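Here is the structure we will look at, set down as structure tokens.
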Amino acid sequence: MATHKLLLLPGDGIGPEVMAEVQRVIDWLNAQGIAKFETEQGLVGGSAYDAHKVSISEGDMAKATAADAVIFGAVGGPKWDSVPYEVRPEAGLLRLRKDLGLFANLRPAVCYPALAEASSLKRDVVEGLDIMIVRELTGGVYFGEPKTITDLGNGQKRAVDTQVYDTYEIERIGRVAFDLARKRRNKVTSMEKRNVMKSGVLWNEVMTQVHAREYKDVTLEHQLADSGGMNLVKAPKQFDVIVTDNLFGDMLSDIAAMLTGSLGMLPSASLGEVDAKTKKRRSLFEPVHGSAPDIAGKGLANPIAMISSFGMALRYSFDMGDLADKVDAAIAAVLASGLRTADIKSEGTTPASTTQMGEAILKELQKLYA
């Protein structure tokens, strides 16, 4: 049995609490001989700044480069609001994405039947929802240069962020989206702002060309990103795979998260290019939720997105789709039983702490292997 190397980066806030529930699952899988994982832990974000005055150390970057996958918690919090911009907690995550070449961010939004009432939308709008947002992750306005704030005098300043995309960046994220659609419902919706942005004009043009050259069997539609956001809350089940740039992907995936009932429910995967020789790809898996410093240490955090992110690692990095399906089934079973953390509780459900939710999911997973 192959041994897979995992780097666990719990980060800040609730990150260590939800990561502990993933560690519990990993330990059980190892003990049962179902899989074999070697794990290391490192520091990222505010915790790395406190220890090393950087958002991630060179040593932990080396561990990330050597790992088969990185499992990431969350970073940031008011404690580090005044640290220099270049070493802010979020810079650690951005460096991991950039240095590891993690250009494709996969953010599924699935509404479990038991949680349809937890969504702010009507049950019939979200029940059975299953969409995948594919966000380009290493280009666009978050990385474009120049990126400056200039003092103009007389109390005035000018801030500049630059939106930049090259053809190859759009082509490769398009291929990820089309390949995923072929394994789902065979439909891709590309979103940009070609009506006001030149980068949107190029995005639309390149997506259309890739589709015509390589993916004529997949249905492709185009929507402006603002209209797409409206349709996500109006009729989200019209979508299968949505592909979009870094900025719009950030916003649209958070909208999609709330359709499922809570940010605490949404996992994500960040993938690099497939190595031609090893057939492996660098990857990082993280929940979409933030560090939630207001509830850190209180046992209130929902670990489902973190456990689901590990499930995505099983599926996309280690070709363990059957095990990933069992993790998803265990989560669904616990939700169907009525157990709820604070973010998804409703009348008639049973409250659970972070640890209680993690234990319940592991018990359901154990039943599937009994």
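Each residue of the sequence shown is one higher than the last, beginning at 24 in the numbering used here. Here a beta-carbon is modelled for each residue, glycine too, at the ideal position from N, C-alpha and C. Note that the structure is a prediction, hence the values are computed from the model and not measured.
Taking Y108 as the centre and dropping the five residues before and after it, the same chain places no C-beta closer than 7 Å to its C-beta.
DSSP places V256 inside the alpha helix (DSSP H), whose first and last residues are 248-257. DSSP places R195 in no beta strand (DSSP E) but in the uninterrupted alpha helix (DSSP H) bounded by 190-205. Within the DSSP bridge table, the entry for Q179 names G176 as partners. Straight-line measurement puts the Cα of I57 at about 45 Å from the Cα of V187.
Contact between the stretch 284-293 and the stretch 120-133 is present: 3 or more CB-CB pairs across the two stretches fall below 8 Å. Pairing W103 with L31, the inter-Cα distance amounts to about 22 Å.
Taking the CA atoms as reference points, L323 sits about 31 Å from H27. Assignment of beta strand (DSSP E) within the stretch 268-300, counting only whole runs of 3 or more residues, yields 290-297 in chain order. Pairing A97 with G252 gives a Cβ-Cβ distance that is not under 8 Å.
Within its own chain, the residues whose Cβ lies closer than 6 Å to the Cβ of G223, once the five positions on either side in sequence are excluded, are E215, K216, R217, listed in chain order. With contacts defined by Cβ atoms closer than 8 Å, V133 and F333 do not form a contacting pair.
Listed as beta-bridge partners of D153 by DSSP are V133.
If the five residues before and after R338 are omitted, its C-beta is found closer than 6 Å to the C-beta atoms of G344, A347, all from its own chain and listed in chain order.
The continuous alpha helix (DSSP H) containing Q379 extends over residues 377-391. For F308 and I94, the gap between their C-alpha atoms comes out near 5 Å. Residue pairing for E215: DSSP places it in a beta bridge opposite L247. For Q55, the enclosing alpha helix (DSSP H) covers residues 38-55. S105 counts as exposed, since fewer than 16 other beta carbons sit within 10 angstroms of its beta carbon.
Approximately 7 Å separates the beta-carbon atoms of V157 and I265; this is inside 8 Å, confirming the contact. Non-local beta-carbon contacts of M329 in its own chain, meaning distances under 6 Å to residues more than five positions away in sequence, involve V41, V45, P310 in chain order.
Taking C-beta separations shorter than 7 Å and ignoring five residues to either side along the sequence, the partners of D174 in its chain run K180, following chain order.
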